[in-house]
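For reference, the structure discussed in these notes is given below.
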Amino acid sequence: MPEVLLDIVDLSVNYGPVTALRGVSLQVAQGEAVFLAGPNGAGKTTLLRAISGLERVAGGSVRFAGATLHGRPSWDIAASGIAHVPQGRRCFGPLTVDENLRLGGYTRGSGVAEAIDAAYDLFPALKAKRRQRAEELSGGQQQMVAIARALVANPRLILLDEPSLGLAPILVEDVRVALHRILHEFSTSILLVEQNARLALSTGGRGYVLRSGRVVLEGPSTELEGRMKEAYLGG
Ligand SMILES: Nc1ncnc2c1ncn2[C@@H]1O[C@H](COP(=O)(O)OP(=O)(O)OP(=O)(O)O)[C@@H](O)[C@H]1O
Ligand SMILES: [Mg+2]
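Put into structure tokens, the structure is as follows:
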């Protein structure tokens, strides 16, 4: 059994009187790709935001590489080796692609140029556009910029919130290939929020299905395939 990198136990998060997560436990091992699925409003984004220190944890614990994360500020959590690509592919529109990637290297002391080269190697389409403003790129290309920027920080774990949302099928395939390379060439573990069941299952790792803030299903992707529809529909 590989080392547990991210260990979430009995996590609860509230938005005022609304309970968004109740008693969620989830693990990501070193070198593993884990996906998180579930219907709209299930709490997937909330879980990633709680890991990153962007939402206050009401109960339970989040540990990363043996250290406690919950209660720490988001910049400190990022510096400890977790990169977060939020839902809606946010890059800095007025900045060039190159400038976006350099921002990703802000927290690392050295090796930024090499890390940027590796990111361009992962997404060759971006290299040709490196001096263009990010806002001039297509939605799919902006998603790639957001992922590339996260990787330049050299994270041990990358949190990806619905990277395939709104992408044409051919670009979803690009994302699938990129995930595979992130896992195997960058040695970065992945926690992927994904509603596209085919993409989620293609990671080949384990998965969790959330519904109304609870884990309703978990297991290896091979076992989840037939049971996911049921879990979504609440059957
Ligand atoms: N800032 C907020 N204030 C109050 N309630 C919120 C806030 N953000 C999310 N919620 C609520 O928390 C619940 C979980 O939302 P969350 O965004 O985590 O779901 P999700 O699984 O990511 O959904 P989607 O698939 O639509 O992105 C929902 O009921 C949502 O309405
Ligand atoms: Mg979401």
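Residues 2 to 236, numbered by the working numbering, are exactly what the sequence shown covers, in order.
The beta-carbon is built from N, C-alpha and C at its ideal position, and this holds for glycine as well.
These figures come from a predicted structure and were not determined experimentally.
Taking C-alpha atoms, which residue in Arg228, Val216, Ser190 and Ala147 lies nearest to valine 35?
For valine 35, the nearest C-alpha among the options comes from Ser190.
Which whole-angstrom value describes the C-beta separation of valine 14 and leucine 22, a residue pair presumed to lie in contact below a C-beta threshold of 8 Å?
Valine 14 to leucine 22, Cβ: 4 Å. Contact.
Is any heavy atom in ligand 2 found nearer than 8 Å to the beta carbon of threonine 46?
Yes, the Cβ of threonine 46 comes within 8 Å of a heavy atom of ligand 2.
Measuring from the CB of glutamate 163, is there a heavy atom of ligand 2 at a distance below 8 Å?
Correct: glutamate 163 has its Cβ closer than 8 Å to ligand 2.
To which residues does DSSP link glutamine 28 through a beta bridge?
Looking at the DSSP assignment, glutamine 28 forms a beta bridge with Asp8.
Do the segment 109-124 and the segment 82-90 touch if we need at least three Cβ pairs shorter than 8 Å?
Contact between the segment 109-124 and the segment 82-90 is absent, because fewer than three Cβ pairs lie under 8 Å.
With hydrogens ignored, establish whether the beta-carbon of proline 40 is closer than 8 Å to any heavy atom of ligand 1.
For ligand 1, at least one heavy atom lies less than 8 Å from the Cβ of proline 40.
Nearest to arginine 103 by alpha carbon, out of Thr223, Val146 and Arg57?
For the residues Thr223, Val146 and Arg57, the minimum Cα distance to arginine 103 belongs to Val146.
Given that a residue counts as buried once 16 or more other Cβ atoms are within 10 Å of its Cβ, and exposed if not, what is glycine 236?
Only weak support is given to the placement of glycine 236: the predicted model assigns it a pLDDT of 49, under 50, and the value that follows is read from those uncertain coordinates. Under this definition glycine 236 is an exposed residue.
Does DSSP put histidine 85 in a helix, in a strand, or in coil?
It is a strand residue.
Under the criterion of a Cβ to heavy atom distance below 8 Å, does valine 194 qualify as lining ligand 2?
True, at least one ligand heavy atom lies under 8 Å from that Cβ.
Can you round the beta-carbon distance between alanine 43 and leucine 211 to whole angstroms, since I take them to be within the 8 Å contact cut?
Right, the Cβ-Cβ distance comes to about 4 Å (below 8 Å), so this counts as a contact.
With DSSP as the reference, label serine 190 as helix, strand or coil.
Looking at serine 190 - three-state DSSP - the assignment turns out to be strand.
Look up leucine 158 in the DSSP assignment and give the residues it is bridged to.
Note: leucine 158 sits in a beta bridge opposite Ile83 and Ser190.
Distance check for glycine 205 and alanine 232, CA to CA, integer angstroms please.
Using only the alpha carbons, I get a separation of about 19 Å.
Distance, Cα to Cα, alanine 80 vs cysteine 92?
C-alpha separation (whole angstroms): 19 Å.
In angstroms with no decimal places, state the Cα-to-Cα distance between leucine 7 and leucine 55.
Roughly 17 Å separates the two Cα atoms.
Taking C-alpha atoms, which residue in Glu195, Lys128, Ser222 and Ala126 lies nearest to glycine 89?
Glycine 89 has its Cα closest to that of Glu195, out of Glu195, Lys128, Ser222 and Ala126.
Alpha carbons only, please: which of Ala66, Arg50, Gly67 and Ser203 is nearest the one belonging to proline 74?
The residue with the shortest Cα to Cα distance from proline 74 is Arg50.
Please report how far the alpha carbon of glycine 100 lies from the alpha carbon of alanine 179, in whole angstroms.
In the sequence under discussion, the amino acid at residue 100 is glutamate, which differs from the glycine named in the question. Approximately 21 Å, taken between the alpha carbons.
In or out: arginine 199 buried (at least 16 other Cβ within 10 Å) or exposed?
It is exposed - the Cβ of arginine 199 has fewer than 16 other Cβ atoms within 10 Å.
Look at the alpha carbon of glycine 167 and the alpha carbon of phenylalanine 65, and state the distance between them as a whole number of angstroms.
Their backbone Cα atoms lie some 31 Å apart in a straight line.
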